[in-house]
Amino acid sequence: MTDLFSTAENADRSAALLLQDRLRAGDSITRAALNEAMTKAYGGTDAQGCWTQRESFEVLEHALAVHLRTVPHALHALPDVAHAIRLMAALPTQTVRSEEQLEWQQFSTPADIAALAVLLANAQEGDVVLEPSAGNGLLVAQLRQDVTLQLNELDPARRARLAHSFPGAPITGYDGAALTSLMASSERPTLVPMNPPFSRSLGRGADDFAAVRHLQAALRRLRTGGRLVAIMPDWFGPSARLRDLFDSTLRDVAVRTSIRLEKCYTKHGTSIAVRLYVIDKAPGTTIPSTIQRSSVAEILDAVTIVDRLKPKTDVPMAPVRKTGTTSLFRAVKSTRPAEPRAYHAPVRNEVLPVDFTPLETPAPLLGQTGVYLPYRPSRLVFTTAGEHPTALVESVAMGSIPAPIPHHVPRLPERTVAERLLSASQLETVVYAGDAWTQMIPGRFRPSKEGVGLDLSEDGREYRKGFFLGDGTGAGKGRQIAACILDNWLQGRRRHIWITKNEPLLEDARRDWTALGGMTADIQPLTSWKIDEVVKLDQGVIFVTYPALRSARGDHTRLKQLIDWAREDFDGVIAFDEAHEMGGVAGGEGALGAKKGSQQGICGVLLQNNLPGARVLYASATGASDVNNLAYAVRLGLWGPETAFADREQFISGIRKGGIAAMELVARDLKATGLYMARALSFAGVEYDILKHALTPDQIRIYDTYADAWGIIHRNMEQALELTAVVDSLENATLNSGAKASARSRFESTKQRFFGQVLLSLKMPTVIAAVEEHLADGKSVVLQLVTTAESILNRRLGELSPDERADLEIDLSPREYV
Numbered sequence: 011m012t013d014l015f016s017t018a019e020n021a022d023r024s025a026a027l028l029l030q031d032r033l034r035a036g037d038s039i040t041r042a043a044l045n046e047a048m049t050k051a052y053g054g055t056d057a058q059g060c061w062t063q064r065e066s067f068e069v070l071e072h073a074l075a076v077h078l079r080t081v082p083h084a085l086h087a088l089p090d091v092a093h094a095i096r097l098m099a100a101l102p103t104q105t106v107r108s109e110e111q112l113e114w115q116q117f118s119t120p121a122d123i124a125a126l127a128v129l130l131a132n133a134q135e136g137d138v139v140l141e142p143s144a145g146n147g148l149l150v151a152q153l154r155q156d157v158t159l160q161l162n163e164l165d166p167a168r169r170a171r172l173a174h175s176f177p178g179a180p181i182t183g184y185d186g187a188a189l190t191s192l193m194a195s196s197e198r199p200t201l202v203p204m205n206p207p208f209s210r211s212l213g214r215g216a217d218d219f220a221a222v223r224h225l226q227a228a229l230r231r232l233r234t235g236g237r238l239v240a241i242m243p244d245w246f247g248p249s250a251r252l253r254d255l256f257d258s259t260l261r262d263v264a265v266r267t268s269i270r271l272e273k274c275y276t277k278h279g280t281s282i283a284v285r286l287y288v289i290d291k292a293p294g295t296t297i298p299s300t301i302q303r304s305s306v307a308e309i310l311d312a313v314t315i316v317d318r319l320k321p322k323t324d325v326p327m328a329p330v331r332k333t334g335t336t337s338l339f340r341a342v343k344s345t346r347p348a349e350p351r352a353y354h355a356p357v358r359n360e361v362l363p364v365d366f367t368p369l370e371t372p373a374p375l376l377g378q379t380g381v382y383l384p385y386r387p388s389r390l391v392f393t394t395a396g397e398h399p400t401a402l403v404e405s406v407a408m409g410s411i412p413a414p415i416p417h418h419v420p421r422l423p424e425r426t427v428a429e430r431l432l433s434a435s436q437l438e439t440v441v442y443a444g445d446a447w448t449q450m451i452p453g454r455f456r457p458s459k460e461g462v463g464l465d466l467s468e469d470g471r472e473y474r475k476g477f478f479l480g481d482g483t484g485a486g487k488g489r490q491i492a493a494c495i496l497d498n499w500l501q502g503r504r505r506h507i508w509i510t511k512n513e514p515l516l517e518d519a520r521r522d523w524t525a526l527g528g529m530t531a532d533i534q535p536l537t538s539w540k541i542d543e544v545v546k547l548d549q550g551v552i553f554v555t556y557p558a559l560r561s562a563r564g565d566h567t568r569l570k571q572l573i574d575w576a577r578e579d580f581d582g583v584i585a586f587d588e589a590h591e592m593g594g595v596a597g598g599e600g601a602l603g604a605k606k607g608s609q610q611g612i613c614g615v616l617l618q619n620n621l622p623g624a625r626v627l628y629a630s631a632t633g634a635s636d637v638n639n640l641a642y643a644v645r646l647g648l649w650g651p652e653t654a655f656a657d658r659e660q661f662i663s664g665i666r667k668g669g670i671a672a673m674e675l676v677a678r679d680l681k682a683t684g685l686y687m688a689r690a691l692s693f694a695g696v697e698y699d700i701l702k703h704a705l706t707p708d709q710i711r712i713y714d715t716y717a718d719a720w721g722i723i724h725r726n727m728e729q730a731l732e733l734t735a736v737v738d739s740l741e742n743a744t745l746n747s748g749a750k751a752s753a754r755s756r757f758e759s760t761k762q763r764f765f766g767q768v769l770l771s772l773k774m775p776t777v778i779a780a781v782e783e784h785l786a787d788g789k790s791v792v793l794q795l796v797t798t799a800e801s802i803l804n805r806r807l808g809e810l811s812p813d814e815r816a817d818l819e820i821d822l823s824p825r826e827y828v
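To convert, note that position 478 of the sequence shown is 488 in the numbering used here; the numbers rise steadily by one, no gaps.
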């Protein structure tokens, strides 16, 4: 009995052979001719159910790929593309789409665009060519024959046709967005032509950023110095809305050519415009202007073929040799270059449990220096994790308290641990954060109808405990946040929220996320959607700033938009980076009296209150410095049932009375329960000298002149207070204390900023001389700017007319304050 699948495959091949004969003879293939070939090969018509119109177009593409491969035409210069243009004109228009084609975005590359892409790819003898979404092979069919092909196609039917079109070429069936790890054992390509799916991803379904995920994976896979030619959706460009995504994706590469083609896919059943990019994996320069035309024929005179770079061979780095330890504050003076970190090339990047051994007895304390102890994980010993790049310390008070034995075992990609992308201290955070998120705060609650509290209620919901990361600068809080999200991502939780201080930190978040194996497009700013739009992101990390979180327009707010996206059953991570930005949630006493709670702090607490199942992660280096910096941390169980404080107000007033010592006890208790960690960089090996500047007589005269001028301003301000009835001129009594305090406060702060800039300018001759001396000795110099005058610059620019902007002249000197 004949296998039905084998019969269908044979009919497929027979129809393709009939069409190849017509292509070889130079005949046009009309719709009638295509139907005739299919009917003859399948022994019946489409009306009889022997085949479908969509299958006929798939067979036509297969026949065209085999024809272009076996009967190659000259393709050495741009005018040679005319042959492919004539060939496309002789083919019928694909007017029928199948559900499967739409599901997987199977729109093959037209032969004329493929010819243009092949020429711009500028393939060289011996190139290793990877096509991540090969389809029926039309994009690579016109490549020269002396290259090594690596073809990947997810669809099994198209994969079977590829084996017939490209005999001998290795063909895989992986997800094109994950080739970095799935093809780790294969030779890395030097050339990648690609036409990825535009809006569908494996496992994600509808995915607006599918093409970007595929592009990022291909760029990682490409060898340094290699070339990538990508056909991308029209929206992938330097537009105002997606400029950040575009720039971050192409940040470390060089875009050689940028083309926009309109209505060039009509023969393949769609009228969309596309963009074609020629990219070299090398340090980039300014992205060239985009060349736009309606067809391939019109663009041939406007583009040039850019010469290729020489691909580099990626050599694994040598392993690290262990050296002797150094005392905490011992200066290390050595001219030897730093040894590279160990590199382990994995065969596969499998998701594996992080291997560690819990310690029943806490690890012994290391030698104390001053008020600090060298940091070590007190309860965990990791099998393969490395030490932190810079030594970490913690206070003696915190170091003397061991953390509890955790039970959570993170699951992370093998490379994350094997290549030491996370240090032991950072992995410890992932373990304890995951452990905290398995616990619930005692009691059941409902959000208060008024304010930001939670009310005990028998029919309320349980709230998940949170975790506080109090590390200082240099400990890698962003990398640890990304690792905690990745641990949950790989457990199937694919919706998360990352909240931080300002928009520029989006690039830092994406840097940390991609360093651990994520994709740039996984993190999307909430501002990509208008405030009244529904956020259409099936899965990913929503990035939002604290100012954006509190923003509103009419009845629409960003907070409600975010809660609606997360939904009530949200169990992903909410990472409050720079969490002290919510520190004003409880209000308090200010210089001018009582202050209300800050709106961004209130919005941060309301977000937590409305998503009880969220895994909340607070990250701030100033968490234990003031009690208000814990008022927003509603998930730490600091007040409420089974605690010494009935509510937040009692906690704040009680701890405030105890001062910094009480705050230290709170931090110690939190660490003892596994909800808090606070490490800081060690100063081991750091030396400093104070550079003194001696004022010259001229500089002293300048300072004295300014001091006399400010004295005159001060006396005039006191007279102004009397004339405006703020101060009584006869009795010198204060009549309006608020106005007087405000006026004097502004005067003193302005005077301080003025003299700060004056003193800075007076010291510059000595600073410049020292910089030149260090540079002459071959040393590096880093200067920290205390102020960049950005706010003054923005204010001045906003006041300028278009004519004044054309002839720009702005004074940002200390005269601004007078």
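Every residue, glycine too, gets a C-beta built ideally from N, C-alpha and C.
- If only uninterrupted beta strand (DSSP E) runs of at least 3 residues are considered, those enclosed by the region 450–480 are 455–457, 464–466 and 477–479.
- Here DSSP, grouped into helix, strand and coil, assigns V76 to helix.
- DSSP, read as helix, strand or coil, puts M204 in strand.
- Take the alpha-carbon of V554 and the one of V106: they are about 42 angstroms apart.
- G236 places its beta carbon less than 7 angstroms from that of T200.
- Selection F477, I670 and W539 evaluated against A250 yields W539 as nearest (Cα-Cα).
- Taking every protein chain shown into account, the CB of M727 has fewer than 16 other CB atoms within 10 angstroms, so this residue is exposed.
- Secondary structure of M592 (DSSP, three-state): helix.
- In the DSSP annotation of this structure, the continuous segment of the alpha helix (DSSP H) that includes W523 starts and ends at L515 to A525.
- Checking the DSSP bridge columns, you'll see Y382 partnered with T379 and S405.
- With fewer than 16 other beta carbons inside 10 angstroms of its own, L466 counts as exposed.
- In the three-state scheme derived from DSSP, where H, G and I count as helix and E and B as strand, P166 is classed as helix.
- Under the 8 angstroms Cβ criterion, the region 761–772 counts as touching the region 710–718, having at least three qualifying pairs.
- From the listed residues L33, G486, L680 and R645, the smallest Cα separation to G409 is found for L680.
- In this structure, V791 sits away from V777, with a CB-CB distance that is not shorter than 7 angstroms.
- Of the candidates P321, T323 and I301, the residue whose Cα lies closest to the Cα of T314 is I301.
- For D587, DSSP records a beta bridge to A629.
- When the alpha-carbon of G136 is set against those of Q160, G54, P557 and L572, the nearest one is in Q160.
- G279 is the residue among T190, L769 and G279 whose C-alpha sits nearest the C-alpha of F117.
- With contacts defined by Cβ atoms closer than 7 angstroms, R560 and Q618 do not form a contacting pair.
- Residue pairing for V138: DSSP places it in a beta bridge opposite T158.
- Spatial neighbours of A179 in its own chain (CB-CB distance under 6 angstroms, excluding positions within 5 residues in sequence) are listed in chain order as L159 and L161.
- The C-beta separation of F586 from Y628 comes to about 5 angstroms, placing the pair in contact by the 8 angstroms criterion.
- Going by C-alpha positions, Q709 is about 23 angstroms away from Q794.
- Annotated three-state conformation of V69 is helix, per DSSP.
- Considering only R41, P82 and V263, the residue with the shortest C-alpha distance to P298 is V263.
- Going by beta carbons, A531 and F246 fall outside the 7 angstroms limit.
- Excluding residues up to 5 positions away in sequence, M592, V595, G611, G614 and V615 lie with their Cβ nearer than 6 angstroms to the Cβ of Y642 in the same chain.
- Between A131 and A94, the CB-CB gap reaches or exceeds 7 angstroms.
- Two segments are said to touch when three or more pairs of C-beta atoms, one from each, lie closer than 8 angstroms; by this definition the region 674–688 touches the region 469–482.
- DSSP, reduced to helix, strand and coil, places Y287 within a strand of the structure shown.
- By the CB criterion at 7 angstroms, A228 and P142 fall inside the cutoff.
- In this model, Q436 and G564 are separated by some 43 angstroms (Cα to Cα).
- Between E404 and L376, the CB-CB gap reaches or exceeds 7 angstroms.
- The three-state secondary structure of R504, taken from DSSP, is coil.
- Of the candidates L675, G461, I495 and A84, A84 places its Cα closest to the Cα of Q155.
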